[in-house]
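I have placed the structure first, in the form of structure tokens, so that the comments after it can refer back to it.
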Amino acid sequence: MSVNCIRLFYCSLMMFPISMFAPQARAEIIDTYPDFHELSSHEQEGKTYKVTTEIQATPGHAIFAIHGGNIEPGTGELAKEMLSHGKIQLYLFEALDTKDPLRLHLTSTHFDDPRALEIAAKNQHCLSLHGYEDHTSKMSVCVGGGDSSLLKKFMESTPPKSVELVACTGKLAGSAKKNIVNRCSSEGVQLELSTELRNKILKDDKFKKIIADWAMQIFTP
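Take any residue in the sequence shown, count from 1 to its spot, add 26: that is its number in the numbering used here.
So, in structure tokens, the structure goes:
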């Protein structure tokens, strides 16, 4: 029995459609800017990036997509679909630049836009959407984050057809205290979406809704 299996309590979940192999993070991105203040000082909001906040519910549940737009395509689109459930608050950062969008990437532990921090502070449960680079044809959701109870609910759920659940480890674990999703009243859950899954989300609105419905049924039952 592996150490990761013991720590994450996944050994007892073998009857569920969960992959035994956690995905590996893509080559680590070296952020151009150390924090949001520096990013916003050198970039033009509305031109190279866009921030969307939606406060359409009493504080309780919030969704973050801090690498939307051209950084991790598909994550922002899924976040907007989740917003249609009408039970959440939303923070969405989208890179509009098409030539060098990765310069607008801020690591989750350094993402400190005051608007994002305010939403985190006002909500108990938070969920963040990310994308990881995967050159296979698998449609996978890698589940991580600091909220072990909510994480377990996701891992024990039955995902949509053709989608597999994977336990995040290493750099994708999302368990750092400074990760924006763990700055809510309770620590949060981070969903890392594979390349193939995000491509499907971008191409198929029906599939996008299926993924959003599945996640929201667990996040806001």
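Don't be surprised by glycine CBs; every beta carbon is placed ideally from N, CA and C.
Taken through DSSP and simplified to helix, strand or coil, H131 comes out as coil.
Taking the Cα of D138 as reference, the smallest distance to any Cα among L104, V215, L118 is reached at L118.
Ranked by Cα distance from L219, the options F245, H156, V189, K203 are led by H156.
The DSSP-derived three-state label of E159 is coil. Annotation for I244: the continuous alpha helix (DSSP H) segment containing it runs 231-245. Beyond the five residues adjoining it in sequence on each side, T74 comes within less than 8 Å, by CB distance, of A121, L122, D123, L130 in the same chain, given in chain order.
A distance below 8 Å between beta-carbons, with the five flanking residues on each side excluded, links P85 to the following residues of its chain, in chain order: Q115, K148, N149, Q150. Non-local beta-carbon contacts of S188 in its own chain, meaning distances under 6 Å to residues more than five positions away in sequence, involve M165 in chain order.
An exposed status is given to T162, since fewer than 16 other beta-carbon atoms sit within 10 Å of its beta-carbon. In this structure, V169 and A193 form a Cβ contact; the two beta carbons are roughly 6 Å apart against a cut-off of 8 Å.
Apart from sequence neighbours up to five positions away, no residue of its chain approaches S67 with a beta-carbon distance below 7 Å. Per DSSP, S211 has no beta-bridge partner at all.
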